[in-house]
Amino acid sequence: MTPGTETLNPIERSSHGRFGDHTFRWVVAAAGLTVLAILALMIGSTTLDAIPVFASQGILNFLTGTTWDPGVSRTEITGTYQAGVFLFGTLVTSLLAIVLALPLSIAIALFLSDVASPRLARPLAYLVELLAAIPSVIYGLWGLHFFAPTVLKPIAKFLSDTLGFIPLFEGPVVAFNPFYAGVVLAIMILPIITAIVHEIFRAAPLAERQAAYGLGATRWEVMWKIVVPRSRPGIIGATMLGLGRALGETIAIALLIGGGTTINLSLFQQSESIAAKIVNTFQESAPEASNALIALGVTLFAITIVINMAARLIVRQLGDVSGEAIA
């Protein structure tokens, strides 16, 4: 010890350590409670605004009806507010996006983790992550001005001409429709699902892959009998995360879906989603119509919570990547 320096005896060090430990504990506890407080405030304030709408329309009627006729009152609910059209459009575009994005995401992730060389896989993985950072308005503008009229329109017309007897593909193909919105939405959630699934595939036990190769398995057999089964919980989690992004997407969908007012089974007719309805009409809405739009937001929030809870239950049943037995 040099002259002028001081040391704390064990009792003093213990006292200082306990003070620092208690301080840290209170700081992190406050941070956690802040998140809970913000969430509670968000749920409480929006639900309070939505309750008059739910009470006047009835929750079941609000969710299943197809009439949206706003009133102009400032003090009571005088219009008719039913979210069936917007729920249908939201589910159609989101499910279409998942159906298109999930298989392609799994294929890309398998290529990056098991097929491509490290020199190729690293830059490709970076590009995939870069796609996730592109703002949604850019995707929407690109889809509106280039991708939809140049690429998707011929595909839609071909499907309508060849499979038009199926209500899902019945024509004519209008300029704005759920098909365009769903495909662009699939491109938007593709990098999110791919990045997560890629990391899950990389976490699959190397020893089991090597053992399978040692027993004479082909690369295809290793991927589909070892890697993918081991990764099912992670794939489900990534899918739910992508679905959550799809359900809440606003700008790109608003630019492409068309703003329809009726339920139409065809992918090529105009429709509307919850998020797009809110962003398109909130500014000019009367107070009671604003409450109805907030009720739409509460409905979307509830759907997202239910989906996330269901995903957690499924993942828990399947087990984690490291502990799941191979079927």
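Just so we're aligned: 63 in numbering that gives the first Met the number 0 is position 64 of the sequence shown, and the numbers increase by one with no gaps anywhere.
For every residue, glycine included, the Cβ atom is placed at its ideal position computed from N, Cα and C.
Remember, it's a predicted structure, so these values are computed and weren't measured experimentally.
- Per DSSP, the beta bridge partners of Tyr-80 are Trp-67.
- With 16 or more neighbouring CB atoms inside 10 Å of its own CB, Phe-168 falls in the buried class.
- DSSP lists Ser-270 as the bridge partner or partners of Gly-257.
- When the Cα atoms are used, Gln-269 and Leu-255 turn out to be separated by approximately 9 Å.
- The beta carbons of Leu-266 and Pro-177 sit about 5 Å from each other, so the pair counts as a contact at 8 Å.
- With contacts defined by Cβ atoms closer than 8 Å, Val-182 and Lys-152 do not form a contacting pair.
- Taking C-beta atoms as the reference points, Ser-104 and Ile-192 count as a pair closer than 8 Å.
- The DSSP-derived three-state label of Val-98 is helix.
- Taking the C-beta atoms as reference points, Val-71 is found no nearer than 8 Å to Ala-245.
- Beyond the five residues adjoining it in sequence on each side, Leu-295 comes within less than 8 Å, by CB distance, of Ala-82, Phe-85, Ile-273, Lys-276, Ile-277 in the same chain, given in chain order.
- Around the C-beta of Leu-40, fewer than 16 other C-beta atoms lie within 10 Å, and the residue is accordingly described as exposed.
- A straight-line Cα-Cα distance of about 15 Å links Thr-149 and Leu-158.
- Given a length threshold of 4 residues, each whole run of the alpha helix (DSSP H) inside the segment 140-179 is given here in chain order: 152-162.
- Contact between the segment 305-318 and the segment 88-99 is absent: fewer than 3 CB-CB pairs across the two stretches fall below 8 Å.
- If you draw a straight line from the Cα of Leu-242 to the Cα of Ile-195, it comes to about 13 Å.
- If you draw a 10 Å sphere on the C-beta of Gln-209, you find fewer than 16 other C-beta atoms in it, and that means exposed.
- With 16 or more other Cβ atoms inside 10 Å of its own Cβ, Gln-56 counts as buried.
- Shown here for Ser-112: same chain residues with a beta carbon closer than 7 Å to its own, the five before and five after excluded, namely His-197, Phe-200, Arg-201 in chain order.
- One Cα belongs to Ala-36, the other to Gly-43, and the distance between them is close to 10 Å.
- At least 8 Å separates the beta-carbon of Met-239 from that of Ile-186.
- Secondary structure note for Val-221: its alpha helix (DSSP H) is the uninterrupted segment 218-221.
- At a Cβ-Cβ threshold of 8 Å, Leu-214 and Gly-247 do not count as neighbours.
- In the DSSP assignment, Thr-249 falls outside any alpha helix (DSSP H), carrying neither H nor E.
- Here Ala-285 carries a coil assignment [DSSP, helix/strand/coil].
- Spatial neighbours of Ala-49 in its own chain (CB-CB distance under 7 Å, excluding positions within 5 residues in sequence) are listed in chain order as Asn-290, Ile-293, Ala-294, Val-297.
- Closest option to Val-136, judged by alpha-carbon separation, among Met-308, Phe-61, Ala-253, Gly-259: Ala-253.
- Linking Met-222 to Leu-109 through their CA atoms gives a straight-line distance of about 7 Å.
- One thing to note: Ala-147 has its Cβ within 8 Å of the Cβ of Tyr-179.
- Around the C-beta of Thr-261, fewer than 16 other C-beta atoms lie within 10 Å, and the residue is accordingly described as exposed.
- Restricting attention to Thr-45, Leu-130, Gly-139, the CA atom closest to the CA of Ala-301 is found in Thr-45.
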